[in-house]
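Under the working numbering, the first residue of the sequence shown carries the number 5, and numbering increases by one thereafter.
Quick reminder that beta carbons are idealized off the backbone N, C-alpha and C, glycines included.
These numbers were taken from a predicted model, which means no experiment stands behind them.
Report on one structure; see the data block that follows.
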Amino acid sequence: MLIRYKKVYEKFAMGLLSFMPNEKDIKKLQNTMKQYEMQENWQLFLWKEEEIIGLIGVVLENNEDVIVQHISVNPSYRHQGVGKSMLQALYDLYSDKNILPTELTVSFFEKCNMANEEK
5 MLIRYKKVYE KFAMGLLSFM PNEKDIKKLQ NTMKQYEMQE NWQLFLWKEE
55 EIIGLIGVVL ENNEDVIVQH ISVNPSYRHQ GVGKSMLQAL YDLYSDKNIL
105 PTELTVSFFE KCNMANEEK
């Protein structure tokens, strides 16, 4: 289930974000978290089953586009469809918007056969 980020989940979110190659540096990671907390158009979601196992972060651009800039799944749960489920939940949540990848997330979109799909 996709849930909206709250400050109480900060350690989970930082841990999951740290798996992203461009978020390894602690200062960069802290800046990214601050943007998700402070910028209204930056939205962070967590994927919760029995525990929090995934994260997806987006930037809402204009009234049409949702740019997926972070996707991360706990390594223990990878290759089980969690990432694809998170993307599908995002498509459901923003059904009237274009869900688009960045150059960092495009390969995951392609792997899930969701590249350039607009709903």
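Exposed or buried, which one is K15 when buried takes at least 16 other CB atoms within 10 Å?
In the sequence shown, residue 15 corresponds to position 11, counting from 1. Under this definition K15 is an exposed residue.
Work out the CA separation of E44 and L21 for me, nearest whole Å.
Taking the sequence shown and counting its residues from 1, the one referred to as residue 21 is at position 17. Taking the sequence shown and counting its residues from 1, the one referred to as residue 44 is at position 40. Looking at the two C-alpha atoms, the distance is approximately 19 Å.
Considering F124, what are the terminal residues of the alpha helix (DSSP H) in which it resides?
Since the first residue shown for the chain is 5 and the last is 123, residue 124 is missing from the structure and cannot be characterised.
Helix, strand or coil at L108 [DSSP, three-state]:
The residue given as residue 108 occupies position 104 in the sequence shown. Under the three-state reduction of DSSP, L108 is assigned to coil, being neither helix nor strand.
For M24, I'd like the list of residues in its chain whose CB is within less than 7 Å of its CB, leaving aside the five on either flank, ordered along the chain.
Walking along the sequence shown from the start, residue 24 turns up at place 20. H74, S76, listed in sequence order.
Exposed or buried, T36, counting other C-beta atoms within 10 Å across all chains shown (16 or more means buried)?
Walking along the sequence shown from the start, residue 36 turns up at place 32. Counting Cβ neighbours within 10 Å, T36 comes out buried, since at least 16 surround it.
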